[in-house]
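Trainee:
Protein chains: 2
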Amino acid sequence: MNLASEQRQWNRLMDLAEIGAIPGNGVNRGALTAGDRAARRLMVGWAAEIGASVSIDEANNLWLRVEGTDSDAAPVLTSSHLDSQPKGGRFDGAYGVVAGLEVITALHKAGIVTRRPIEVVAWTNEEGSRFAPGCTGSMSWAGVHPSDYWDDVRDHNGIYYAAALAEQMAAEADLPRRPLGSKPHAYVEAHIEQGPILEAEGIDIGVVTGIQGSRWFVVSISGESAHAGTAPLSLRRDAMIEASRAILALQEAMYDPKDVLRFTVGRVSVSPNASNSVADNVTFSIDLRHPEAATLRVRGDMIAGVVQGAMRNCEWSVRETFNAKPIEFAPRVISEVERAAENAGFSHRLIPSGAFHDAQFASRVCQSGMIFVPSRAGISHNPAEYTSPSQLAKGTEVLLRTVRALAD
Amino acid sequence: MNLASEQRQWNRLMDLAEIGAIPGNGVNRGALTAGDRAARRLMVGWAAEIGASVSIDEANNLWLRVEGTDSDAAPVLTSSHLDSQPKGGRFDGAYGVVAGLEVITALHKAGIVTRRPIEVVAWTNEEGSRFAPGCTGSMSWAGVHPSDYWDDVRDHNGIYYAAALAEQMAAEADLPRRPLGSKPHAYVEAHIEQGPILEAEGIDIGVVTGIQGSRWFVVSISGESAHAGTAPLSLRRDAMIEASRAILALQEAMYDPKDVLRFTVGRVSVSPNASNSVADNVTFSIDLRHPEAATLRVRGDMIAGVVQGAMRNCEWSVRETFNAKPIEFAPRVISEVERAAENAGFSHRLIPSGAFHDAQFASRVCQSGMIFVPSRAGISHNPAEYTSPSQLAKGTEVLLRTVRALAD
Numbered sequence: 148m149n150l151a152s153e154q155r156q157w158n159r160l161m162d163l164a165e166i167g168a169i170p171g172n173g174v175n176r177g178a179l180t181a182g183d184r185a186a187r188r189l190m191v192g193w194a195a196e197i198g199a200s201v202s203i204d205e206a207n208n209l210w211l212r213v214e215g216t217d218s219d220a221a222p223v224l225t226s227s228h229l230d231s232q233p234k235g236g237r238f239d240g241a242y243g244v245v246a247g248l249e250v251i252t253a254l255h256k257a258g259i260v261t262r263r264p265i266e267v268v269a270w271t272n273e274e275g276s277r278f279a280p281g282c283t284g285s286m287s288w289a290g291v292h293p294s295d296y297w298d299d300v301r302d303h304n305g306i307y308y309a310a311a312l313a314e315q316m317a318a319e320a321d322l323p324r325r326p327l328g329s330k331p332h333a334y335v336e337a338h339i340e341q342g343p344i345l346e347a348e349g350i351d352i353g354v355v356t357g358i359q360g361s362r363w364f365v366v367s368i369s370g371e372s373a374h375a376g377t378a379p380l381s382l383r384r385d386a387m388i389e390a391s392r393a394i395l396a397l398q399e400a401m402y403d404p405k406d407v408l409r410f411t412v413g414r415v416s417v418s419p420n421a422s423n424s425v426a427d428n429v430t431f432s433i434d435l436r437h438p439e440a441a442t443l444r445v446r447g448d449m450i451a452g453v454v455q456g457a458m459r460n461c462e463w464s465v466r467e468t469f470n471a472k473p474i475e476f477a478p479r480v481i482s483e484v485e486r487a488a489e490n491a492g493f494s495h496r497l498i499p500s501g502a503f504h505d506a507q508f509a510s511r512v513c514q515s516g517m518i519f520v521p522s523r524a525g526i527s528h529n530p531a532e533y534t535s536p537s538q539l540a541k542g543t544e545v546l547l548r549t550v551r552a553l554a555d
Numbered sequence: 148m149n150l151a152s153e154q155r156q157w158n159r160l161m162d163l164a165e166i167g168a169i170p171g172n173g174v175n176r177g178a179l180t181a182g183d184r185a186a187r188r189l190m191v192g193w194a195a196e197i198g199a200s201v202s203i204d205e206a207n208n209l210w211l212r213v214e215g216t217d218s219d220a221a222p223v224l225t226s227s228h229l230d231s232q233p234k235g236g237r238f239d240g241a242y243g244v245v246a247g248l249e250v251i252t253a254l255h256k257a258g259i260v261t262r263r264p265i266e267v268v269a270w271t272n273e274e275g276s277r278f279a280p281g282c283t284g285s286m287s288w289a290g291v292h293p294s295d296y297w298d299d300v301r302d303h304n305g306i307y308y309a310a311a312l313a314e315q316m317a318a319e320a321d322l323p324r325r326p327l328g329s330k331p332h333a334y335v336e337a338h339i340e341q342g343p344i345l346e347a348e349g350i351d352i353g354v355v356t357g358i359q360g361s362r363w364f365v366v367s368i369s370g371e372s373a374h375a376g377t378a379p380l381s382l383r384r385d386a387m388i389e390a391s392r393a394i395l396a397l398q399e400a401m402y403d404p405k406d407v408l409r410f411t412v413g414r415v416s417v418s419p420n421a422s423n424s425v426a427d428n429v430t431f432s433i434d435l436r437h438p439e440a441a442t443l444r445v446r447g448d449m450i451a452g453v454v455q456g457a458m459r460n461c462e463w464s465v466r467e468t469f470n471a472k473p474i475e476f477a478p479r480v481i482s483e484v485e486r487a488a489e490n491a492g493f494s495h496r497l498i499p500s501g502a503f504h505d506a507q508f509a510s511r512v513c514q515s516g517m518i519f520v521p522s523r524a525g526i527s528h529n530p531a532e533y534t535s536p537s538q539l540a541k542g543t544e545v546l547l548r549t550v551r552a553l554a555d
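From first to last, the protein sequence lines stand for chains A and B.
First residue of the first sequence: 148, per my numbering; consecutive thereafter.
First residue of the second sequence: 148, per my numbering; consecutive thereafter.
1. Taking the continuous alpha helix (DSSP H) assigned at B/Trp297, which residues delimit it?
2. If you follow the beta strand (DSSP E) that A/Tyr334 is part of, which residue opens it and which one closes it?
3. What's the call for A/Ile203, buried or exposed, on a 16-neighbour Cβ count within 10 Å?
4. Whose Cβ in chain B lies nearer than 8 Å to the Cβ of A/Asp406?
5. DSSP three-state call for A/His255: helix, strand or coil?
6. Could you check what DSSP says for B/Ser287 in three-state terms: helix, strand or coil?
7. Tell me the DSSP bridge mates of B/Asp434?
8. Against chain B, does A/Asp299 count as a neighbour if the rule is that its beta carbon must be under 8 Å from one of theirs?
9. Which residue comes first and which comes last in the beta strand (DSSP E) that contains A/Thr442?
10. Could you run through the region 538-549 of chain B and flag, in chain order, every residue whose CB is less than 7 Å away from some CB of chain A?
11. When burial is assigned at 16 or more other CB atoms within 10 Å of the CB, is A/Leu163 buried or exposed?
12. Taking Cβ-Cβ distances below 8 Å as the criterion, which residues of the region 302-317 of chain A are in contact with chain B?
13. Output the distance between the C-alpha atoms of B/His303 and A/Gly413, rounded to the nearest integer angstrom.
14. Determine the contact status of A/Ala558 and A/Met161, defining contact as a CB-CB distance below 8 Å.
15. When DSSP labels each residue in this structure, what does A/Leu229 get in the three-state scheme?
16. Using CA coordinates, which residue listed in B/Ala554, B/Asp555 and B/Gln538 is at the minimum distance from B/Ala151?
17. Do you know how far the Cα of A/Leu397 is from the Cα of A/Ile339?
18. Determine the burial state of A/His292: buried for a count of at least 16 other Cβ atoms within 10 Å of its Cβ, exposed for fewer.
19. Could you give the DSSP three-state label for A/Ile166: helix, strand or coil?
20. Alpha carbon to alpha carbon, how far is B/Asp230 from B/Arg237? Give it in angstroms, no decimals.
21. What does DSSP give as the partner residues of A/Ala421 in its beta bridges?
22. If we ignore side chains and look at the alpha-carbon of each, how far apart do A/Ala451 and A/Glu462 end up?
23. Count the CB pairs spanning the region 358-370 of chain A and the region 343-350 of chain A that are closer than 8 Å, and state whether there are at least three.
24. Could you check the C-alpha separation between B/Ala524 and A/Ala378 for me, to the nearest Å?
25. Do A/Ile350 and A/Ser494 have their CB atoms nearer than 8 Å?
26. Pull the bridge partners of B/Pro499 from the DSSP assignment, please.
27. Given a threshold of 16 other Cβ atoms within 10 Å of its Cβ, counted over all protein chains shown, does A/Pro222 qualify as buried or as exposed?
28. Quick one: which residues of the region 270-294 of chain A get their C-beta closer than 9 Å to a C-beta of chain B? List them in chain order.
29. What residues from the region 359-371 of chain A come within 9 Å of chain B, judged by C-beta to C-beta, listed N to C?
30. Does the separation of the CB atoms of A/His228 and A/Asp434 fall below 8 Å?
31. According to DSSP, what are the bridge partners of A/Gln514?
32. Check distances from the C-beta atoms of the region 507-540 of chain A to those of chain B and list, in chain order, the residues that come in under 8 Å.
33. Counting contacts by CB-CB distance shorter than 8 Å, is B/Asn172 in contact with chain A?
34. In this structure, how does DSSP classify A/Thr261 when only helix, strand and coil are distinguished?
35. Scan the region 518-555 of chain B and note each continuous alpha helix (DSSP H) run of 4 residues or more that stays entirely inside, going in chain order.
36. Which residue wins for smallest C-alpha separation from B/Cys513, given the options B/Gly342, B/Ser200 and B/Pro478?
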């Protein structure tokens, strides 16, 4: 018998989707914004309904906890994130958090208490679209970097991560604090696939085997500003022209005949960004991903040379801001997810993750795994992102069974 | 005998430069900002000291007027603008306005009244760096477009031109209104050269013969947003890659072996501008200039074809936002400027203008001309912009003599 409620979960997701709603059923809910705070307050309210305890750590990760029969046992964690891309969808991140909430809600309603405690976490700033890089909450928790490591990162409006974090911590002064870091028994995260495979094959559940590695870089090209009407082209040091040349040279250098390597220049800022001034600085991001550590290392290490080769008379720098190595999930968690899907009667297959997730850092701390549900047309980071209520409910049922198995 | 006061003029310029001051002696005073308003209030105060009347028209151009012995006679206009580039200097625009003020101040102090009235104008939004294109004030006045023509143009923060204009008009509700448009006897504008010629040749005064033509375009490239980690490169419609290709193709197509054509991509905006999302839209500006109408027409008309040729699978559009044909100044005004420089004992030469100026539109209405003073190292649209107090005073003395000759 299935315990998770399709309707309750869908209603909660739709309530969350109203916070930061944008046209086309999209969501724009940046990390550490008023919208993020409002979404977290909804979670706090829902936790109160079932008597789950709520706390936050110094990285602003939000923890909901229900006790087990053995409250000293290491807990089972399930989680995802509530922040979104600027033109994001309703399910990326929010689904995993609401699914975790649905697991503890359904168990509570059924009067089931597991041996181990269960914790549901909403990690801070997974997307990294307001403050790059992403996963700052889970990285802090996993001890990859201290929680003040990103203090000097600024958003599009020049606001520092430190300031935004302090503002949110102050706004949540009423919530109990817990220490940063912990040693759970296991970690499982439910998420939409963000790719087309499950839908194309008509499969309910993706049993995730691992996550490809990601490296993020910031490239800065510096020339000299000049008057667009007077400065001869032969004398200019035009950062926009040189940046365009660098981007195309990189695109060529990153060509992969197997089409497995992912290379993206998604964020560009130009100074002074006036139509009648030659640009004196162009800064752009590079997001590079591959499932194999060696390929990711070699291709990423090529970037500086390619940028240098594209320069004529501008200065340049390349700085790496994020490096998440490819990981493989724990065999025990993978097999529990498979068994849960099988027992619930849902079709399933093994699948790697193209997107990175907080699970990438959890896997450094404890045995970890993920559950994917289909994404319509593979669309994500886009308002058109969609997974049906019943597809979501199936994923949550598998999550519930997996968490229960790991917690008993 | 020279009438213009070097010290008074320099002090006023330095007072203006404090409004919107940025590091390195620069100025950031966008059109229709609080800084712009503050600068205009300084002008109003200085006008009051000599009993000049003040008014504004519906395009927010600021008019100072001193009567002549024949107040029905068509006035002589002298002017420039008070707005600056985001990383601009202290002299571009501000010098011409302060020089005009110095002309009427010096004449007033000397008890000299010309036959014709003299009007000093600060035109609205010459630079076009906050609201593109520039010269909206002088274009409105010259009847090129109605003053609400740019209402839908937005600045970097999404503020509409109409809203910024209405805010400034409201903040200046105490100033008398005058109708838009007029038919002056003549127009003369003093300005820094913004190029290296006068300094290199050790010449005091540039007698400007005309202004090269300018065409501004906005190119929009539309693809599809996608997740940076999952979308295969072969299936992407990446607006940033295609925009880079278009910019480089344009740079190549606009190559001019004589290095007279000016081609600049200075402003770029990317959507959603997140490092882990493929860009669905990139919009960039093109500023194209040439002294010959035929060349400017042919090169400008090539742009759409070049952009189209650079596309693989993105949509594109090219929109022309500004078209100022090359103009030649009136022989009468040119010869009056030459005579004034000669009589004052200053070295001078004929010179074309690479930058556009409000004089380009004034020349449609009445006989017009310009006076250039040297720019150190030709640097402009940059905090390092510099012209010495005595160089500026020489330009103003020539302006005074020219205005007087035209007004008597």
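Note that beta-carbon positions come from the ideal geometry of N, C-alpha and C, so glycine has one too.
Quick caveat, the model's predicted, so the values are computed rather than measured.
Mentor: Inspection of the coordinates gives the following:
1. As a first step, residue 297 of chain B is located in the second sequence; it is residue number 150 there, counting from the start. DSSP places B/Trp297 outside any alpha helix (DSSP H), giving it a letter other than H or E.
2. Within the first sequence, residue 334 of chain A is the residue found at index 187, counting from 1. Where A/Tyr334 is concerned, the enclosing beta strand (DSSP E) starts and stops at Ala333 to Ile339.
3. Position 56 of the first sequence, counted from the first residue, corresponds to residue 203 of chain A. With 16 or more other Cβ atoms within 10 Å, it is buried.
4. Numbered from 1 along the first sequence, position 259 holds the residue referred to as residue 406 of chain A. Simply Pro379, Leu380 and Ser381.
5. Counting from 1 along the first sequence, the entry for residue 255 of chain A is found at position 108. Secondary structure at A/His255: helix, using DSSP grouped into helix, strand and coil.
6. For this step, residue 287 of chain B is matched to residue 140 along the second sequence. Correct three-state label for B/Ser287: helix.
7. Locating residue 434 of chain B in the second sequence gives position 287, where the first residue counts as 1. Residue pairing from DSSP places B/Asp434 in a beta bridge opposite B/Trp363 and B/Thr411.
8. Position 152 of the first sequence, counting from 1, holds the residue named residue 299 of chain A. Judged by the 8 Å Cβ criterion, A/Asp299 is not in contact with chain B.
9. For the purposes of this step, residue 442 of chain A is taken as residue 295 along the first sequence, with counting starting at 1. Counting along the chain, no beta strand (DSSP E) covers A/Thr442; the unbroken alpha helix (DSSP H) around it starts and ends at Ala440 to Ala457.
10. Of all residues in the region 538-549 of chain B, none has a C-beta nearer than 7 Å to a C-beta of chain A.
11. Counting from one through the first sequence, the residue named residue 163 of chain A turns up at place 16. A buried status is given to A/Leu163, since no fewer than 16 other beta-carbon atoms sit within 10 Å of its beta-carbon.
12. For the region 302-317 of chain A, which is checked against every Cβ of chain B, the residues closer than 8 Å are His303.
13. Translated into the one-based positions of the second sequence, residue 303 of chain B becomes position 156. Translated into the one-based positions of the first sequence, residue 413 of chain A becomes position 266. Cα to Cα, B/His303 sits roughly 19 Å from A/Gly413.
14. Outside the displayed range of chain A (148 to 555) lies residue 558 of chain A, so it cannot be described from this structure.
15. The count along the first sequence starts at 1 and reaches residue 229 of chain A at position 82. In this structure, A/Leu229 counts as coil in the three-state DSSP scheme.
16. Along the second sequence, read from residue 1 onward, the residue named residue 151 of chain B stands at position 4. Per the C-alpha coordinates, the member of B/Ala554, B/Asp555 and B/Gln538 positioned closest to B/Ala151 is B/Gln538.
17. Stepping through the first sequence from its first residue, residue 339 of chain A is reached at position 192. Stepping through the first sequence from its first residue, residue 397 of chain A is reached at position 250. Spanning the two alpha carbons is a distance of roughly 30 Å.
18. In the first sequence, residue 292 of chain A corresponds to position 145, counting from 1. Per the 10 Å Cβ criterion, exposed.
19. As a working note, residue 166 of chain A is residue 19 in the first sequence. In this structure, A/Ile166 counts as coil in the three-state DSSP scheme.
20. Here the question's residue 237 of chain B lines up with position 90 in the second sequence. Here the question's residue 230 of chain B lines up with position 83 in the second sequence. Answer to the nearest angstrom: the Cα atoms are 10 Å apart.
21. As a first step, residue 421 of chain A is located in the first sequence; it is residue number 274 there, counting from the start. Answer is none; A/Ala421 lacks a bridge partner.
22. Numbered from its first residue, the first sequence carries residue 451 of chain A at position 304. Numbered from its first residue, the first sequence carries residue 462 of chain A at position 315. Straight across, the Cα-Cα distance linking A/Ala451 with A/Glu462 is about 12 Å.
23. Pairwise C-beta distances place the region 358-370 of chain A out of contact with the region 343-350 of chain A, as fewer than three of them are shorter than 8 Å.
24. Against the second sequence, residue 524 of chain B aligns to sequence position 377. Against the first sequence, residue 378 of chain A aligns to sequence position 231. CA-to-CA, the gap between B/Ala524 and A/Ala378 works out to about 11 Å.
25. Against the first sequence, residue 350 of chain A aligns to sequence position 203. Against the first sequence, residue 494 of chain A aligns to sequence position 347. Yes. Within cutoff.
26. Counting from 1 along the second sequence, the entry for residue 499 of chain B is found at position 352. Answer is B/Gly357, bridged to B/Pro499.
27. On the first sequence, residue 222 of chain A is found 75 positions in, with the first residue counted as 1. Using a 10 angstroms sphere on the CB of A/Pro222, the tally of other CB atoms reaches 16 or more, which defines it as buried.
28. Per Cβ criterion, the list reads Glu274, Gly275, Ser276, Arg277, Ala279, Pro280 and Gly281.
29. Cβ contacts with chain B: Gln359, Ser361, Trp363, Val365 and Glu371.
30. Here residue 228 of chain A is taken as the residue at index 81 of the first sequence, counted from 1. Here residue 434 of chain A is taken as the residue at index 287 of the first sequence, counted from 1. Going by C-beta atoms, A/His228 is not nearer than 8 Å to A/Asp434.
31. For the purposes of this step, residue 514 of chain A is identified with residue 367 of the first sequence, where counting begins at 1. In the DSSP output, where bridge partners are listed per residue, A/Gln514 has A/Ala333.
32. From the region 507-540 of chain A, only Gly525, Ile526, Ser527, His528 and Asn529 have a Cβ closer than 8 Å to chain B.
33. Counting from one through the second sequence, the residue named residue 172 of chain B turns up at place 25. So no, B/Asn172 is outside the interface.
34. Counted from its first residue, the first sequence places residue 261 of chain A at position 114. Three-state result, A/Thr261: coil.
35. Under the rule that a run must span 4 or more residues, the alpha helix (DSSP H) segments found entirely inside the region 518-555 of chain B read 536-554.
36. Indexing the second sequence from 1 puts residue 513 of chain B at position 366. That would be B/Pro478, whose Cα lies nearest to the Cα of B/Cys513.
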